[in-house]
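Chemist:
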Amino acid sequence: MSKRVAILISGGGSNMVTLVNSMTGDHPARPVLVISNVPDAGGLAKAEALGVPTAVVDHKAFGKDREAFEAELDRVLAAADPDIVCLAGFMRILTPEFTRKWEGKTLNIHPSLLPKYKGLHTHERAIEAGDTEHGCSVHEVTAELDGGPILGQAMIAIRPDDTAESLAARLLEWEHKLYPEVLRRFALGDKTPIRLGV
Ligand code: GAR
Numbered sequence: 200m201s202k203r204v205a206i207l208i209s210g211g212g213s214n215m216v217t218l219v220n221s222m223t224g225d226h227p228a229r230p231v232l233v234i235s236n237v238p239d240a241g242g243l244a245k246a247e248a249l250g251v252p253t254a255v256v257d258h259k260a261f262g263k264d265r266e267a268f269e270a271e272l273d274r275v276l277a278a279a280d281p282d283i284v285c286l287a288g289f290m291r292i293l294t295p296e297f298t299r300k301w302e303g304k305t306l307n308i309h310p311s312l313l314p315k316y317k318g319l320h321t322h323e324r325a326i327e328a329g330d331t332e333h334g335c336s337v338h339e340v341t342a343e344l345d346g347g348p349i350l351g352q353a354m355i356a357i358r359p360d361d362t363a364e365s366l367a368a369r370l371l372e373w374e375h376k377l378y379p380e381v382l383r384r385f386a387l388g389d390k391t392p393i394r395l396g397v
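See the structure below:
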């Protein structure tokens, strides 16, 4: 039986597209739902074009009531009965109550070589620090922000003329290689960390 995968997005959804496209043939998983917290996220139309059901849980509709937002997110997710939840450019911080409920099933991609640069503006921070290497990480989601066990990393060199934009664009290509590889292994129960890149 294929594993059921739900993917959470907030934006363009390029990682979501590569995940969906990877789940064909003998892949052990299939996409069952894409959820966005942003009603006009570009990724929603891409998911629909790929034939994946979509849902919107708009965090703004809940104002400051994070609990109510997460209760609705949980309800929509649970209705899809996923075995695996992939955060793919999902830009809301989830509370420990939520992450605990889905722990062991939830993956996230983060654009830094964790544990470096948790949070936002990772490319700027790597350049400002004078780093010569940057990368992305796929990790299990736990209550600690960007802090769960690392399942894979891809490393790239930072060039002297890199801007945050050029670095982000180059790194995104590696995100698209790393995340599908990690997901395939994770769906088979293999948590051995993967290393890609330089
Ligand atoms: C990706 O670079 C992803 O690593 C990052 O957002 C981008 C989403 O792009 N995620 C985070 O920063 C999470 N903290 P996409 O919508 O094209 O996949």
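Taking the numbering used here, the leading residue of the sequence shown gets 200, the next gets one more, and so forth.
In this text, a Cβ means the ideal position worked out from N, Cα and C, and glycines have one as well.
No experiment lies behind these values; they were computed from the predicted model shown.
1) Tell me the rounded alpha-carbon separation between G318 and G242.
2) Does the Cβ of P379 have 16 or more other Cβ atoms within 10 Å, making it buried, or fewer, making it exposed?
3) Whose C-alpha, out of K245, D225, F297, D273, is nearest the C-alpha of M215?
4) Comparing C-alpha positions only, which one of P238, K259, T305 sits nearest to T253?
5) Within 7 Å: the Cβ of C335 and any heavy atom of ligand 1?
6) Assuming M354 contacts E332 under a Cβ cut-off of 8 Å, what Cβ separation, rounded to an integer in Å, is found between them?
7) CB R291 to CB N236, shorter than 8 Å?
8) Between V204 and the rest of its own chain, which residues show a CB-CB distance below 8 Å, the 5 nearest in sequence each way excluded?
9) Within this structure, are the beta carbons of A325 and S311 separated by less than 8 Å?
10) Would E296 and V340 be called neighbours here (beta carbons separated by less than 8 Å)?
11) Using the C-alpha atoms, what's the distance from W373 back to D257?
Modeler: Quick look at the numbers:
1) If I take the Cα positions, the gap works out to 22 Å.
2) Label assigned to P379: buried.
3) Of K245, D225, F297, D273, the smallest CA-CA separation from M215 is found for K245.
4) Of the residues P238, K259, T305, the one whose Cα lies closest to the Cα of T253 is P238.
5) True, at least one ligand heavy atom lies under 7 Å from that Cβ.
6) Contact holds; Cβ gap of about 6 Å.
7) Taking 8 Å as the Cβ cut-off, R291 and N236 qualify as a contacting pair.
8) Same-chain partners within the cutoff: L218, M222, A228, R229, P230, V231, P281, D282, I283, V284, C285, L382, A386.
9) Yes, these two residues count as a Cβ contact at 8 Å.
10) Going by C-beta atoms, E296 is not nearer than 8 Å to V340.
11) Going from the Cα of D257 to the Cα of W373 covers about 29 Å.
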